[in-house]
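Chains A and B supply the protein sequences, listed in that same order. Per our numbering, residue 1007 is the first one in the first sequence, and the count goes up by one each step. Per our numbering, residue 55 is the first one in the second sequence, and the count goes up by one each step. Reviewing the structure listed below.
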Amino acid sequence: QLVESGGDLVQPGGSLRLSCAASGFTFSSWSMSWVRQAPGKGLEWVSYLSSTGTIFYAESVKGRFTISRDNAKNSLFLQMNSLRVEDTAMYYCATGGSYGCWGQGTLVTVSS
Amino acid sequence: DIQMTQSPSSLSASVGDRVTITCRASQDIRNDLAWHQQKPGKAPKRLIYDASSLQSGVPSRFSGSGSGTEFTLTISSLQPEDFATYYCLQHNSYPRTFGQGTKLEMK
Chain A
1007 QLVESGGDLV
1017 QPGGSLRLSC
1027 AASGFTFSSW
1037 SMSWVRQAPG
1047 KGLEWVSYLS
1057 STGTIFYAES
1067 VKGRFTISRD
1077 NAKNSLFLQM
1087 NSLRVEDTAM
1097 YYCATGGSYG
1107 CWGQGTLVTV
1117 SS
Chain B
55 DIQMTQSPSS
65 LSASVGDRVT
75 ITCRASQDIR
85 NDLAWHQQKP
95 GKAPKRLIYD
105 ASSLQSGVPS
115 RFSGSGSGTE
125 FTLTISSLQP
135 EDFATYYCLQ
145 HNSYPRTFGQ
155 GTKLEMK
């Protein structure tokens, strides 16, 4: 099971830290990703962190977002800085390379 | 980046119909393709991975096929709970890319 938290209403230029709490599987052995969905739009991959520390970012968030994990706490994080209106979306964490398990999502709204 | 082109973007069908959705990759992705189902207000759910492997717990009326650049998701006999939006995802390389989605509506 995956449970996201940390979504909120934030002004453009602001910051947020999303969390994803994992349970029911060996979290440290799994790669994890963040995927987002703007209101009424399709799915967009955001970032990936492997079990061994390999990281990838979508071009649209590179330099602004940072993915990390704490295996001792079975948690995945997404630090989001310099937020833009276009970052408004539901943010999901998901497991593995093709997202076998998804959280319920946490809503980030960037607006003045 | 690998572009994923999904068709149709919307589809009207009836309970009991056989439905096929197609996804085309802009380059060879071997069999590294997944299909996800999303219902309104809910998180996506993986149905198929590696092009044709059925996710545990997913009904056998769902099937996937294809390799290389052409892939299909088939629902053999539509059930009321299958009306949803379907997305393909290439899991061959980064950045991961999704198709634009197919909204399956009741006729």
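By construction, the Cβ of each residue, glycine as well, lies at the ideal position given by its N, Cα and C atoms.
Cβ pair residue i, residue j closer than 8 Å
{"i": "residue 1015 of chain A", "j": "residue 1115 of chain A", "result": "yes"}
{"i": "residue 1108 of chain A", "j": "residue 98 of chain B", "result": "yes"}
{"i": "residue 100 of chain B", "j": "residue 1104 of chain A", "result": "yes"}
{"i": "residue 89 of chain B", "j": "residue 140 of chain B", "result": "yes"}
{"i": "residue 1018 of chain A", "j": "residue 1089 of chain A", "result": "yes"}
{"i": "residue 123 of chain B", "j": "residue 57 of chain B", "result": "no"}
{"i": "residue 64 of chain B", "j": "residue 159 of chain B", "result": "yes"}
{"i": "residue 1082 of chain A", "j": "residue 1026 of chain A", "result": "yes"}
{"i": "residue 1010 of chain A", "j": "residue 1097 of chain A", "result": "yes"}
{"i": "residue 1111 of chain A", "j": "residue 1036 of chain A", "result": "no"}
{"i": "residue 118 of chain B", "j": "residue 110 of chain B", "result": "no"}
Chain B contact residues for residue i, given Cβ-Cβ distances below 8 Å
{"i": "residue 1064 of chain A", "result": "149"}
Proximity winner among the options, relative to residue i (alpha-carbon distances)
{"i": "residue 60 of chain B", "options": "B:67, B:143, B:130, B:149", "result": "B:143"}
{"i": "residue 1051 of chain A", "options": "A:1007, A:1093, A:1118", "result": "A:1093"}
{"i": "residue 79 of chain B", "options": "B:103, B:104, B:67, B:121", "result": "B:121"}
{"i": "residue 1066 of chain A", "options": "A:1091, A:1038, A:1031", "result": "A:1091"}
{"i": "residue 1024 of chain A", "options": "A:1106, A:1080, A:1073, A:1078", "result": "A:1073"}
Partners in chain A for residue i, counting only beta-carbon separations shorter than 8 Å
{"i": "residue 122 of chain B", "result": "Those do not exist, as residue 122 of chain B stays about 17 Å from chain A at its closest Cβ, beyond 8 Å."}
Span separating the alpha-carbon of residue i from that of residue j
{"i": "residue 75 of chain B", "j": "residue 62 of chain B", "result": "7 Å"}
{"i": "residue 125 of chain B", "j": "residue 102 of chain B", "result": "11 Å"}
{"i": "residue 91 of chain B", "j": "residue 127 of chain B", "result": "11 Å"}
{"i": "residue 82 of chain B", "j": "residue 1086 of chain A", "result": "33 Å"}
{"i": "residue 1119 of chain A", "j": "residue 1059 of chain A", "result": "The structure shown does not extend to residue 1119 of chain A, since chain A spans only 1007 to 1118, so no value can be given for it."}
{"i": "residue 104 of chain B", "j": "residue 113 of chain B", "result": "17 Å"}
DSSP bridge partner residues for residue i (one or two, in chain order)
{"i": "residue 1061 of chain A", "result": "A:1055"}
{"i": "residue 1094 of chain A", "result": "Note: residue 1094 of chain A sits in no beta bridge, so no partner."}
{"i": "residue 118 of chain B", "result": "B:127"}
Contacts that residue i makes with chain A (C-beta to C-beta distance below 7 Å)
{"i": "residue 97 of chain B", "result": "1098, 1108, 1109, 1110, 1111"}
{"i": "residue 100 of chain B", "result": "1104, 1105, 1106"}
Chain B contact residues for residue i, given Cβ-Cβ distances below 9 Å
{"i": "residue 1051 of chain A", "result": "143, 148, 149, 150, 151, 152"}
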